[in-house]
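Worksheet: one structure, shown below.
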Amino acid sequence: MQEYFKKIENRSVKIGGAGLAALAVSYFVWGEHFYRSYLFGYLPWAMLTLGCLAILLLHHLVSGAWGHVLQRMSESGSRILAVMGLLFIPVLIGMRDLYPWTDDAVVEASHVLHEKAGYLDAVFFIARSVLYFALWTAMATLLRRWSSKQDDGTDRSLTRRMKIFSGPSMVLFVITASLASVDWMMSLEPEWYSTIYGMSFIVGSVLTALAFCIMVLSKVSGHRPYSDILTSRHAHHLGNLLFAFTILWAYLAFSQYLIIWSGNLPEDNFWYLRRTGPGWNVVAVLLLIGHFFVPFFILLSRRSKKELKKLYVIAGLIFVMRFVDIYWLVAPAFDHESVSIHPLDVIAPVAIGGVWVALFMRYLGQVPILPLHDPRFGEDGFHIHDID
Amino acid sequence: MNAPPIYGLMAEFDAPEDILAAAESARRKGYREMDAYTPFPMEELTDALGIRHTTLSLFVLCCGIAGGLIGFFMQYFTSVIDYPVNIGGKPLNSWPQFIPITFEMTILFAAIGAVVGMIFRNGLPRPVHPVFNVDRFELATRDKFFLCIEASDPLFDRDATEAFLKSLEPSHVTVVEN
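First to last, the protein sequences are chains A and B.
The numbering of the first sequence is my numbering, which starts it at 1 and goes up by one.
The numbering of the second sequence is my numbering, which starts it at 1 and goes up by one.
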């Protein structure tokens, strides 16, 4: 399995390195398009990282057998938060290209933005982002440290400590991640607002991370020690979770649409008018089918959830659709009229993805691939007894 | 009535591993019409008994689709055909408004279909079952494990099946009267 991680890491380093070089060159070629593409390339991977943290917190809270097999992946994924904080710097540099509220003339001309100026302030924005990354990195680091210490098998109190730590952290995570979604994504169209947006962002993040972890798990499932403990029950649990989050995503997305469609007020319906205009309506229908109906009907059947090989395909589809969804959320803020996919819109996510996957594989290779001496799980990866 | 004279043959075991092994061998021998009765649920028995995918899930899916269609067209009928009212200049067929009820009806019909379908597929309501004719069967709710091969199985042969069950070393083999 170590060779597999190494192989993927080397490949990702090459892709990430070439991508970053291409990104740096294109800054001088397509300067005016650079930051918006960078933001689009950054967001799906940031959401994947946050989703890993959410899964980790959830696992320590509820201790399911499904989380036991994903624990090291979610730890490795959330460990990348520190690097994601560094990769956020270009967004801060390009703030004036991205966020209309940074322009005083725009704020002065709009009563709504004038009222929001206290929150949508450049210095406050930077301070908030720094705070988010500091809190998230602290959560991820502490949980990873304690979990590594637990691997020694000497300190039996760590399991309980991680559980107690995860409760308040989960609350803090939901609040900060909601605010981050408002800051980074919603304020691209600062006059518009939706109160369900933060929850949509979090559910989308978890769905991204779940799909990614299922894909990795399926790839390594034939290797020891996974091959010793993985059963169709694990696959079934993970398939059910993927199913639940797919439905939840659709539920939240539709709730937001229904409310705005019913109200039909010019203050907020322009957001959907942009996203269902010519070109974008095709993307919207693609999301409806590819992000909801296809995974929904496939995951409805028990047989498709019992095998990791089958789940791999569905998780792959969902993972790709996450990028389409984020593109549909972000890009119409800049391209009001039509869809025009810029070369940078492909280079940016590939470059950041290369870095992300390389780090993920490196971190994953550094730790025992299954948590050791976890009193909650027996040799077969299922519960022996619960702690409280 | 041309019901078979007996319902089947029942073997009693003392341990969960024994009944699991017994069910495995009975399945390998070719028996299909059989059931196991245990004091607690044993997931592994489903595979050991060779219980295949039931048609219940297909029935529930059809109920769900029917519920969705009924839910949607009920609203379509009332607001487009039977009693059209212009609300806020919205089109009469305001389908986004219909989705929540369509969804709820899908769930409702699927859930009712699952419960009712399960009851009928299990042959319920049925006031009494032949297995209760075996006196020792009440131990199935305490600490004994029972495997019953039913007479309706094409391979069932009173003497051969009894000999087979005895070869599994149960503590008792009893004839289940109809």
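For glycine and all other residues, C-beta sits at the position ideal for the given N, C-alpha and C.
Treat the numbers as computed from the prediction; the structure is a model and nothing was measured.
So who's on the other strand from residue i, going by DSSP bridges?
| i | result |
| --- | --- |
| B:H182 | The structure shown does not extend to residue 182 of chain B, since chain B is modelled only from 1 to 178, so the question has no answer here. |
| B:E177 | B:I6 |
| B:C148 | B:M10 and B:D35 |
So is residue i buried or exposed if we call it buried at 16+ other beta carbons inside 10 Å?
| i | result |
| --- | --- |
| A:A24 | exposed |
| A:T49 | buried |
| B:D14 | exposed |
| A:P368 | exposed |
| B:S171 | exposed |
| B:Y31 | buried |
| B:G117 | buried |
| A:L230 | buried |
| A:Y327 | buried |
| B:D47 | exposed |
| B:M128 | Inspection of the sequence shows that residue 128 of chain B is occupied by Val rather than by Met. B:V128 should be labelled exposed. |
| A:H68 | buried |
| A:W249 | buried |
| A:R72 | buried |
| A:H2 | With the sequence shown as reference, residue 2 of chain A is identified as Gln, and His is not the correct amino acid for it. Exposed. |
| B:E104 | exposed |
| A:G167 | exposed |
| A:W192 | buried |
| A:D183 | buried |
| A:K6 | exposed |
| A:I93 | exposed |
From residue i to residue j, what does the alpha carbon distance come to, in whole angstroms?
| i | j | result |
| --- | --- | --- |
| A:P179 | A:F125 | The sequence given here places Leu at residue 179 of chain A; Pro does not occur at that position. Looking at the two C-alpha atoms, the distance is approximately 10 Å. |
| B:V176 | A:H234 | 40 Å |
| A:G290 | A:F40 | 20 Å |
| A:E189 | A:Y99 | 8 Å |
| A:I387 | A:K305 | With a pLDDT of 45 at A:I387, under the threshold of 50, the predicted position of this residue should be treated as unreliable, though the coordinate-derived value follows. Between A:I387 and A:K305, the C-alpha separation is close to 29 Å. |
| A:A253 | B:F98 | 16 Å |
| B:S57 | B:T78 | 32 Å |
| B:S152 | A:W66 | 42 Å |
| A:S37 | A:H60 | 36 Å |
| B:M1 | B:E169 | For B:M1, the predicted model reports a pLDDT of 42, less than 50, meaning its position is unreliable and no value from the coordinates is stated. |
| A:S12 | A:I260 | 42 Å |
| B:H53 | A:R302 | 10 Å |
| B:P5 | B:R158 | 11 Å |
| A:L143 | A:I15 | 30 Å |
| A:I161 | A:A244 | This sequence places Arg at residue 161 of chain A; Ile is not what is there. Looking at the two C-alpha atoms, the distance is approximately 29 Å. |
| A:R322 | A:Y197 | 15 Å |
| B:E162 | A:Q150 | 55 Å |
| A:F88 | A:G204 | 19 Å |
| B:K166 | A:L217 | 46 Å |
| B:A110 | B:I119 | 14 Å |
| B:F156 | B:A36 | 16 Å |
| B:T174 | B:V60 | 38 Å |
| A:G64 | A:S110 | 50 Å |
| A:H115 | A:M47 | A small correction: the amino acid at residue 115 of chain A is Glu; His does not occupy that position in the sequence shown. Rounded to the nearest angstrom, the two C-alpha atoms are 29 Å apart. |
| A:S187 | A:A211 | 27 Å |
| B:E150 | B:V115 | 26 Å |
| A:S338 | A:A117 | 30 Å |
| B:K90 | A:R96 | 39 Å |
| A:F297 | A:E32 | 42 Å |
| A:A105 | A:A127 | 23 Å |
*asked:* With three or more beta-carbon pairs closer than 8 Å as the criterion, would you say the segment 52–71 of chain B touches the segment 235–245 of chain A?
replied: Result no; under three Cβ-Cβ pairs closer than 8 Å.
*asked:* Tell me whether the segment 268–275 of chain A and the segment 159–176 of chain A touch, counting them as touching only if at least three CB pairs, one residue from each stretch, are closer than 8 Å.
replied: As far as the Cβ criterion goes, the segment 268–275 of chain A does not touch the segment 159–176 of chain A, which means the pair count is below three.
_Cβ pair count under 8 Å reaching 3, the segment 346–362 of chain A against the segment 313–320 of chain A_ = These segments do not touch.
*Runs of alpha helix (DSSP H) lying entirely within the segment 243–277 of chain A, each at least 4 residues, in chain order*: Listed in chain order, they are 266–275.
*asked:* Which complete alpha helix (DSSP H) runs does the segment 71–143 of chain A hold, if anything under 4 residues is left out?
replied: 81–87, 89–93, 95–98, 104–109 and 111–116, all fully within the segment 71–143 of chain A.
*Length-filtered (3 minimum) beta strand (DSSP E) runs lying within the segment 20–87 of chain B*: Runs of the beta strand (DSSP E) inside the segment 20–87 of chain B: 34–37.
*What are the uninterrupted segments assigned as alpha helix (DSSP H) that are 4 or more residues long and contained completely in the segment 291–375 of chain A, given in chain order?*
Runs of the alpha helix (DSSP H) inside the segment 291–375 of chain A: 294–300, 302–305, 308–330 and 343–365.
_Three or more C-beta pairs below 8 Å linking the segment 83–94 of chain A and the segment 132–140 of chain A_ = A contact exists between the segment 83–94 of chain A and the segment 132–140 of chain A.
*Identify every run of the beta strand (DSSP E) within the segment 163–201 of chain A, keeping only runs that are complete inside it and at least 3 residues long; order them along the chain.*
Positions of the beta strand (DSSP E) runs, each at least 3 residues long and wholly inside the segment 163–201 of chain A, cannot be given because no such run exists.
*Should the segment 9–23 of chain B be called in touch with the segment 122–141 of chain B, which here means at least 3 C-beta pairs below 8 Å?*
Of all C-beta pairs linking the segment 9–23 of chain B to the segment 122–141 of chain B, three or more are shorter than 8 Å, placing the two stretches in contact.
*Are there three or more Cβ pairs, one per stretch, closer than 8 Å when the segment 66–77 of chain A is compared with the segment 143–153 of chain A?*
By the criterion of at least three beta-carbon pairs nearer than 8 Å, the segment 66–77 of chain A is in contact with the segment 143–153 of chain A.
*Complete alpha helix (DSSP H) runs within the segment 1–81 of chain A (minimum length 4 residues, chain order)*: The segment 1–81 of chain A contains these whole alpha helix (DSSP H) runs: 2–29, 31–62 and 65–79.
_Which complete beta strand (DSSP E) runs does the segment 92–156 of chain B hold, if anything under 3 residues is left out?_
Correct list: 145–150.
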